[in-house]
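What follows is a single structure, written as structure tokens, with notes after it.
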Amino acid sequence: GLRFHPCRGSMSLGESKGGLPPDSVVEDEDSILADTELMIKRFHDPKPGSMCRVAVAPCSPFSVTPELMRESAALARRHGLRMHTHVAETLDEEKFCLERFGKRPMELMEDLGWTGDDVWYAHGIHLNDAEVDRVAKTKTGIAHCPSSNMRLGAGACRVADLVRAGARVGLGVDGSASNEDANIAMEVHQALLLARVNGGPKALDARNAWRLATSGGAECLGRDDCGALAPGKCADVALFRIDDLAHAGIADPLAGLALAPPARASAVIVNGRVVVFDGRLLNADEDEIAREIAAT
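Written out as structure tokens, the structure is:
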């Protein structure tokens with residue numbers, strides 16, 4: 002019952018050919034492109050209000066060849082799909098790009114056709130001032146993943162600078178290897194605090210932290226049909242209780258939810274349908290899912 006944007010990821014450049022991923026996880030590039038076409042045909046729904054849209058997502062500039070990046074971009078644009086990859090997450094990535102291509106990651110992405118309003122990057126941490134401006138001017142999106150970035154010691158995204166420049170910035174949880182909870186409310190909390198650590202108390206306020214998690218994310222995904230409560234948009238709503246002890250006496254509910262220990266949504270409505278009530282999934286057995294995962 003959740004709105005889903007699966008990304009067909011890919012890695013084709015293993016260690017033996019100068020990439021960073023182990024050879025055991027890479028795929029043949031023709032197979033990657035063919036399978037991406039299959040995923041599009043089978044799952045992608047471009048209609049307004051769509052519950053499933055596929056994106057094309059080579060993993061990163063150090064795990065695929067430039068040729069695959071170009072061909073993936075051409076495939077995505079031929080089908081009107083969005084494009085996603087990891088960019089400027091670590092200094093190791095920056096070093097790799099400079100040594101292998103003679104370019105910084107953002108410059109490489111531009112050369113490969115990987116900027117524009119149909120592209121969003123995960124992380125975007127190590128961007129200089131000119132690159133922040135280029136991200137904004139090309140309308141490329143950034144998915145800020147604060148919990149993952151802090152856990153891995155990768156650095157901190159320049160969220161306040163990107164927002165001031167007019168860039169599209171949303172929030173992400175990265176993956177299970179660097180984020181056990183995958184709780185977007187936690188990312189609101191972390192994004193707000195991390196921005197203030199780096200930029201002072203006015204770097205980011207609670208309302209704009211929640212905006213990153215809602216309309217900011219929708220902008221990155223190219224969704225003008227959701228991300229806000231407004232006439233004509235999809236009825237996607239998350240409800241949080243603020244009548245518990247942790248939130249007692251708060252003057253500003255949005256600030257209280259962002260600054261207090263992250264809460265689990267009490268209810269979630271997707272496309273007008275209730276899928277979570279009283280903090281529990283209605284369409285799946287959470288306990289059974291947990292048992293299945295623990296048994297693997």
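Heads up, the sequence shown is in our numbering, so the first residue is 2 and it goes up one at a time. Every residue, glycine too, gets a C-beta built ideally from N, C-alpha and C. Keep in mind it's a predicted model, so treat the numbers as computed, not measured.
Spatial neighbours of Leu258 within its chain, please: C-beta separation below 6 Å, excluding the five flanking residues on both sides. As a working note, residue 258 is residue 257 in the sequence shown. Cβ neighbours of Leu258 within its own chain (closer than 6 Å, five residues either side excluded): Phe241.
Secondary structure of Phe5, DSSP reduced to three states: Residue mapping note: residue 5 aligns to position 4 of the sequence shown, counting from 1. Strand at Phe5.
Within 10 Å of its beta-carbon, does Pro49 have 16 or more other beta-carbons around it, so buried, or fewer, so exposed? Sequence index remark: in the sequence shown, residue 49 carries index 48 (1-based). Within a 10 Å sphere around the beta-carbon of Pro49 sit fewer than 16 other beta-carbons, which makes this residue exposed.
Do Ala186 and Pro263 have their beta-carbon atoms positioned less than 8 Å apart in this structure? In the sequence shown, counting from the first residue as 1, residue 263 sits at position 262. In the sequence shown, counting from the first residue as 1, residue 186 sits at position 185. Taking C-beta atoms as the reference points, Pro263 and Ala186 count as a pair closer than 8 Å.
Could you tell me if Glu16 is buried or exposed, where buried requires 16 or more neighbouring beta carbons within 10 angstroms of its beta carbon? For this step, residue 16 is matched to residue 15 along the sequence shown. When all chains shown are included, Glu16 counts as exposed.
Which partner residues of Cys53 appear in the DSSP bridge assignment? The residue labelled residue 53 in the question sits at position 52 within the sequence shown. Under DSSP, Cys53 takes part in a beta bridge, and its partners are Phe5.
To which residues of the same chain is Glu111 closer than 6 Å at the C-beta, ignoring the five residues directly before and after it? Taking the sequence shown and counting its residues from 1, one reaches residue 111 at position 110. The beta carbon of Glu111 lies closer than 6 Å to none in the same chain, with the five residues before and after it left out.
Ordered along the chain, which non-local residues of its own chain (more than five positions away) have a Cβ less than 6 Å from that of Met52? Here residue 52 is taken as the residue at index 51 of the sequence shown, counted from 1. Excluding positions up to five away in sequence, the list reads Arg4.
Using only alpha-carbon positions, find the residue among Asp36, Asp175, Gly19, Asp134 that is nearest to Gly163. One-based indexing of the sequence shown puts residue 163 at position 162. Before going on, a small fix: residue 163 reads as Leu here, not Gly. For the residues Asp36, Asp175, Gly19, Asp134, the minimum Cα distance to Leu163 belongs to Asp134.
CB-CB under 6 Å to Ala229, same chain, minus the five flanking residues each way: which ones, in chain order? If you number the sequence shown from 1, residue 229 lands on position 228. Closer than 6 Å at Cβ, skipping near neighbours: Ser216.
Spatial neighbours of His127 in its chain, beta-carbon cut-off 7 Å, leaving aside the 5 residues before and after: Position 126 of the sequence shown, counting from 1, holds the residue named residue 127. By the criterion of a C-beta distance shorter than 7 Å, His127 is surrounded in its chain by Ala89, Leu92, Glu95, Gly156, once the five residues flanking it on both sides are discounted.
Less than 8 Å between the beta carbons of Ala210 and Leu193, yes or no? On the sequence shown, residue 210 is found 209 positions in, with the first residue counted as 1. On the sequence shown, residue 193 is found 192 positions in, with the first residue counted as 1. Judged by beta-carbon spacing, Leu193 lies within the 8 Å limit of Ala210, meaning their Cβ atoms are closer than that value.
CA-CA distance, Phe97 and Phe63? Numbered from 1 along the sequence shown, position 96 holds the residue referred to as residue 97. Numbered from 1 along the sequence shown, position 62 holds the residue referred to as residue 63. C-alpha separation (whole angstroms): 7 Å.
Over the uninterrupted beta strand (DSSP E) stretch that includes Val271, give me the two end residues. If you number the sequence shown from 1, residue 271 lands on position 270. Per DSSP, the unbroken beta strand (DSSP E) holding Val271 starts and ends at 268 to 271.
Please report how far the alpha carbon of Ala144 lies from the alpha carbon of Thr86, in whole angstroms. If you number the sequence shown from 1, residue 144 lands on position 143. If you number the sequence shown from 1, residue 86 lands on position 85. Roughly 10 Å between the two C-alpha positions.
At what residues does the beta strand (DSSP E) containing Arg83 begin and finish? Residue mapping note: residue 83 aligns to position 82 of the sequence shown, counting from 1. That run of the beta strand (DSSP E) goes 83 to 88.
Does Ile143 come out as helix, strand or coil in the three-state DSSP assignment? Residue mapping note: residue 143 aligns to position 142 of the sequence shown, counting from 1. When secondary structure is reduced to three states using DSSP, Ile143 falls in the strand class.
Looking at Gly200: is its Cβ nearer than 8 Å to the Cβ of Gly171? By one-based count along the sequence shown, residue 200 stands at place 199. By one-based count along the sequence shown, residue 171 stands at place 170. No, the Cβ-Cβ distance between Gly200 and Gly171 is not below 8 Å.
When DSSP labels each residue in this structure, what does Trp121 get in the three-state scheme? Here residue 121 refers to the residue found at position 120 when the sequence shown is read from its first residue. Here Trp121 sits in strand by DSSP.
Using the three-state DSSP reduction, which class does Arg224 fall into: helix, strand or coil? Residue numbering aside, residue 224 sits at position 223 when the sequence shown is read from its first letter. Three-state DSSP puts Arg224 in coil, outside helix and strand.
Sort Glu28, His80, Gly2, Asp46 by Cα distance to Glu38 and report the nearest one. Here residue 38 refers to the residue found at position 37 of the sequence shown. Looking only at Glu28, His80, Gly2, Asp46, the smallest Cα-Cα distance to Glu38 is reached by His80.
Tell me which residue opens and which closes the alpha helix (DSSP H) that Leu113 is part of. In the sequence shown, the residue the question calls residue 113 occupies position 112. Counted as a single uninterrupted DSSP element, the stretch harbouring Leu113 is not any alpha helix (DSSP H), since DSSP gives it neither H nor E.
Using only the alpha-carbon positions, how far apart do Pro202 and Ala196 sit? Indexing the sequence shown from 1 puts residue 202 at position 201. Indexing the sequence shown from 1 puts residue 196 at position 195. Pro202 and Ala196: Cα-Cα distance of roughly 8 Å.
What would DSSP say about Pro263, mapped onto helix, strand or coil? Indexing the sequence shown from 1 puts residue 263 at position 262. Three-state result, Pro263: coil.
What beta strand (DSSP E) runs, 3 residues minimum, are completely inside the stretch 154 to 192? Listed in chain order, they are 169 to 172.
Are the CB atoms of Ala291 and Phe278 within a distance shorter than 8 Å? Along the sequence shown, one-based indexing puts residue 278 at 277. Along the sequence shown, one-based indexing puts residue 291 at 290. Not a contact, by the Cβ cut-off of 8 Å.
Please work out which residues of its chain come closer than 8 Å, Cβ to Cβ, to Phe44, disregarding the five sequence neighbours upstream and downstream, and give them in chain order. Translated into positions along the sequence shown, residue 44 becomes position 43. Closer than 8 Å at the Cβ level, and outside the excluded window around Phe44, lie Pro7, Cys53, Val55.
Answer with buried or exposed for Arg165, where buried requires no fewer than 16 other C-beta atoms within 10 angstroms of its C-beta. Mapped onto the sequence shown, residue 165 falls at position 164. Of the residues assessed, Arg165 falls on the exposed side of the cut-off, its CB having fewer than 16 other CB atoms within 10 angstroms.
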